[in-house]
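Quick notes on the structure that follows.
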Amino acid sequence: MFSLRTAWPSFTLPSQPNASSFKCHDHLAANHTFTLVDSIYAFSDGSFARIMPLPAYLRMIMEFHDHLDMHHNIEETYVFPVLAQKMPNFASNERHKNSHKVIHAGLDKLKDLVTGWKEVPTTFSPATLRSCLDEFKSPLFKHLEEEVRDLSAENLKKYYTLEEVDHLPM
Numbered sequence: 001m002f003s004l005r006t007a008w009p010s011f012t013l014p015s016q017p018n019a020s021s022f023k024c025h026d027h028l029a030a031n032h033t034f035t036l037v038d039s040i041y042a043f044s045d046g047s048f049a050r051i052m053p054l055p056a057y058l059r060m061i062m063e064f065h066d067h068l069d070m071h072h073n074i075e076e077t078y079v080f081p082v083l084a085q086k087m088p089n090f091a092s093n094e095r096h097k098n099s100h101k102v103i104h105a106g107l108d109k110l111k112d113l114v115t116g117w118k119e120v121p122t123t124f125s126p127a128t129l130r131s132c133l134d135e136f137k138s139p140l141f142k143h144l145e146e147e148v149r150d151l152s153a154e155n156l157k158k159y160y161t162l163e164e165v166d167h168l169p170m
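With the UniProt record's numbering as the guide, the letters of the sequence shown map in order to residues 1 to 170.
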């Protein structure tokens, strides 16, 4: 029988999470997206061809698109409405939702480009891809930094008790 206890290396969590462990988690959560976007961007000059074929690179881009799209849909449907009850930055038409709109305009364009390149690979244009990524890379990174800050343990303490945080849909 499969068990996470036997499948994962053993480690001990602190009995009381401290500021350092929260900062580490916040950093790791955002760093994954930063690293993925940086990789996609770095390879957008065509250098992906040294390590993978175009279909694999396009699949990598679409996996990023699908992941971020799903992540934002979950946030807007389940997380932001709850946070907005106490945290104004998460209300409708506030910073985080507005950031999502800007990011998704770029993601939608990216999806259309990748779909076309999958259908006709000879039309792939590194310059067009990089231009598209340039349109939403900065807003995405700014949004991630704001989200990490706004959802940090230090900031959540201003609005919630520890018991309330345990019940947030995150």
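Glycine is no exception: its CB is placed at the ideal position from the N, C-alpha and C atoms.
Check, Outcome
"Skipping 5 residues on each side, what residues in its chain have a beta carbon closer than 8 Å to that of Thr77?", "none"
"Less than 8 Å between the beta carbons of Pro121 and Leu54, yes or no?", "yes"
"Would you please state the rounded distance, in angstroms, between the beta carbons of Glu135 and Gly116? I believe it to be under 8 Å.", "The pair is not a contact, with the Cβ atoms about 17 Å apart (cut-off 8 Å)."
"Let me know the secondary structure DSSP gives Phe124 once reduced to three states.", "coil"
"Taking the alpha carbon of Asp69 as the reference point, which residue from Glu94, Met87, Thr33 and Val82 has its own alpha carbon closest?", "Thr33"
"In terms of alpha-carbon separation, which member of His100, Asn93, Leu58 and Glu63 lies closest to Ile74?", "His100"
"DSSP three-state call for Leu36: helix, strand or coil?", "helix"
"DSSP three-state call for Met60: helix, strand or coil?", "helix"
"Taking C-alpha atoms, which residue in Phe124, Asn98, Val37 and Lys157 lies nearest to Glu63?", "Val37"
"Determine the contact status of Tyr41 and Lys137, defining contact as a CB-CB distance below 8 Å.", "yes"
"Ile51 by DSSP, collapsed to three states: which one?", "coil"
"Where Ile61 and Phe48 are concerned, what is the direct C-alpha to C-alpha distance, given to the nearest angstrom?", "12 Å"
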